[in-house]
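Colleague: Numbered per our numbering, the sequence shown spans residues 1032 to 1464.
All C-beta atoms, glycine included, are put in the ideal place defined by N, C-alpha and C.
Have a look at this one.
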Amino acid sequence: MSAAVERNRRIALAKLFEPRDLPLPRGVTSVCSAHPLVVEAALRHAAREDRAALLEATCNQVNQEGGYTGMTPADFRLFVERIAVTVGFPADRLILGGDHLGPNPWRKLPADEAMDRAQAMIVAYVEAGFEKLHLDTSMGCEGEPAALPDTLTAERAARLARAAEDATKRAGRKPPVYVIGTEVPPPGGATHALEELEITRPEAVLETLAVHRSAFTAAGVETALERVIGIVVQPGVEFGNANVVLYEPDRAQKLVSALDAMPGLLFEAHSTDYQPAQQLSALVDGGFGILKVGPGLTFALREALYGLDAIRQAVAGRTASPSLPSILEGVMLADPGHWSGHYDGTAEAQRLQRHFSYSDRIRYYWPDRQVLEAVERLFAELPERIPETLISQYLGRLYPEVVAGRVAPNARDLCLAAIDNALAPYRAATAQR
């Protein structure tokens, strides 16, 4: 990590952590999930490391209209705080963020209406005490191109920043920090096979910053500019339905060099799910001080639940009916809205993607009543102490932790351990050396 990148990182992370009196890590893992087991695992993970926990809700998950989770920002805060109390995580170490805040949930509407709703959403996030806001107005609305010019994106971002600043004053809240960026990866990963990604050009990053400075000044929110801590760029990191593109530091050298001309700013890396620890560490070395992860954690949870379902069948000596995968298949077919536009190919190919895609569109269905009841039934029908040999057979990655006595051989703890395993590379990449 160069001296300039190190200086920028410390300045930006200090603004994010303020007023918490905690040692600044090399980088921060941003957990983007609304699944209770993922949130619990993330909080336990942060508690063990004696760190703050950054948890982010996306605009589609959580908004003033409920999102696909049915939660408003205030609901999400209460949801997380209740889990924090359960695990004994200090409330003052919790940092909540909003991801992709903009018109995305309403992009099929005319721009004026979509932006009105986006503005109401960001006010709701501020009023609920969210401290980190990612402004994402890069997508076109009804009648607009899919990608907008930088100037229009910046103008809309400035409008949302103005709404957030005004709401902060009215609510007497701590002013939030902001992340901006016009080259934003799609929420939840790509929808097609990936070969090689085009890395953001350094001059494009500098132009993004310049147009946002101009737009924020024109909107009368110059003070918000002082709290812009990061920019979202494409460093050559992404995952599709069937493959993952790994970070190559040499290809991103020119992009990283742009940080020398942006004092006090870091890069925020989206779609880092499934990157090995070596790549995550290299991202942090390159100034990507915030690493976002979401689908990779629910993917690990799904693997554990499907393994537990196989263990249930082995214990029973017969095929459990109905199985958890079969229930999920029925629910997804009955309500295809969350996956049908993301998976293609033959009927069989789509079936496999519904359950095993890296993009993990199955995560949208865990809150469904039928699925919740199926998971509860699965947990109830498993032995209180699952035989180690079956854990070795069906949950092999967790077997060493179980035999070493670090993970209890019960269904719930095995699920938490699977999520924690997915978080482990982030711990290694962001820890101080």
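(1) Residues in its own chain within less than 6 Å of Ala1177 by CB, not counting five upstream and five downstream?
(2) Among Tyr1396, Ser1288, Gln1310, Arg1343, which one has its Cα closest to the Cα of Ala1235?
(3) Touch check for the segment 1437 to 1454 and the segment 1050 to 1069: three-plus C-beta pairs under 8 Å?
(4) So, are the CB atoms of Pro1233 and Leu1286 less than 8 Å apart?
(5) For Cys1446, report the span of its alpha helix (DSSP H) as first-last.
(6) For Ser1316, report the span of its alpha helix (DSSP H) as first-last.
(7) Just to confirm, is the Cβ distance from Leu1228 to Glu1269 under 8 Å?
(8) Which residue's Cα is closest to the Cα of Ala1442: Ala1189, Tyr1156, Ala1045, Pro1414?
(9) Which residue marks the beginning of the alpha helix (DSSP H) containing Ser1357, and which one marks its end?
(10) Kindly provide the ranges of any beta strand (DSSP E) runs that are 3 or more residues long and lie completely inside the segment 1189 to 1215, ordered along the chain.
(11) Which class does His1223 belong to by DSSP, given the choice of helix, strand or coil?
(12) In chain order, what residues of the same chain lie with their CB nearer than 6 Å to the CB of Ala1035, ignoring the 5 residues before and after it?
(13) Could you tell me if His1223 is buried or exposed, where buried requires 16 or more neighbouring beta carbons within 10 angstroms of its beta carbon?
(14) What residue does the beta strand (DSSP E) around Ser1061 start on, and which one ends it?
(15) When DSSP labels each residue in this structure, what does Lys1285 get in the three-state scheme?
(16) For Leu1109, is the classification buried or exposed, using 16 other Cβ atoms within 10 angstroms of its Cβ as the cut-off for buried?
(17) With a 10 Å radius around its C-beta and 16 neighbouring C-beta atoms as the bar for buried, classify Arg1437 as buried or exposed.
(18) In its own chain, which residues sit with a C-beta less than 8 Å from the C-beta of Tyr1019, not counting the 5 before and 5 after it?
(19) Determine whether the beta carbon atoms of Ala1195 and Ile1260 lie at a separation below 8 Å.
(20) Which residues in the same chain as Ala1313 place their Cβ atom closer than 8 Å to its Cβ, once the five residues preceding and following it in sequence are excluded?
(21) Would Pro1307 and Ala1283 be called neighbours here (beta carbons separated by less than 8 Å)?
(22) Please list the terminal residues of the continuous alpha helix (DSSP H) segment that includes Val1242.
(23) Is it buried or exposed, Leu1375, if we count other Cβ atoms within 10 angstroms and call 16 or more buried?
(24) For the beta strand (DSSP E) containing Thr1089, list its first residue and its last residue.
(25) For Ala1145, which residues in the same chain have their Cβ closer than 7 Å to its Cβ, ignoring the five residues on either side in sequence?
(26) Just the C-alpha distance for Glu1037 and Gly1160, rounded to the nearest angstrom, thanks.
Modeller: Taking the definition as stated:
(1) Closer than 6 Å at Cβ, skipping near neighbours: Gly1171.
(2) That would be Ser1288, whose Cα lies nearest to the Cα of Ala1235.
(3) A contact exists between the segment 1437 to 1454 and the segment 1050 to 1069.
(4) yes
(5) In the DSSP assignment, Cys1446 falls within the alpha helix (DSSP H) that extends over 1442 to 1461.
(6) Inspection of the sequence shows that residue 1316 is occupied by Asp rather than by Ser. Where Asp1316 is concerned, the enclosing alpha helix (DSSP H) stretches over 1308 to 1316.
(7) yes
(8) Pro1414
(9) 1355 to 1365
(10) 1208 to 1211
(11) At His1223, the pLDDT of 47 sits below 50, so the modelled position is not reliable; the number obtained from the coordinates is stated separately. Of the three classes helix, strand and coil, the one that applies to His1223 here is coil, per DSSP.
(12) Asp1291
(13) Per-residue confidence for His1223 stands at a pLDDT of 47, beneath the threshold of 50, marking its modelled position as unreliable; no derived number is given.
(14) 1059 to 1063
(15) Here DSSP, grouped into helix, strand and coil, assigns Lys1285 to helix.
(16) exposed
(17) exposed
(18) Absent from the model: residue 1019. The displayed extent of the chain is 1032 to 1464, so no value can be given.
(19) no
(20) Tyr1278, Pro1280
(21) Contact: no.
(22) 1233 to 1249
(23) Note that residue 1375 corresponds to Asp in the displayed sequence, not to Leu. Exposed, since its Cβ has fewer than 16 Cβ neighbours within 10 Å.
(24) 1084 to 1089
(25) Pro1134, Trp1137, Arg1138, Cys1172
(26) Cα-Cα distance, rounded: 29 Å.
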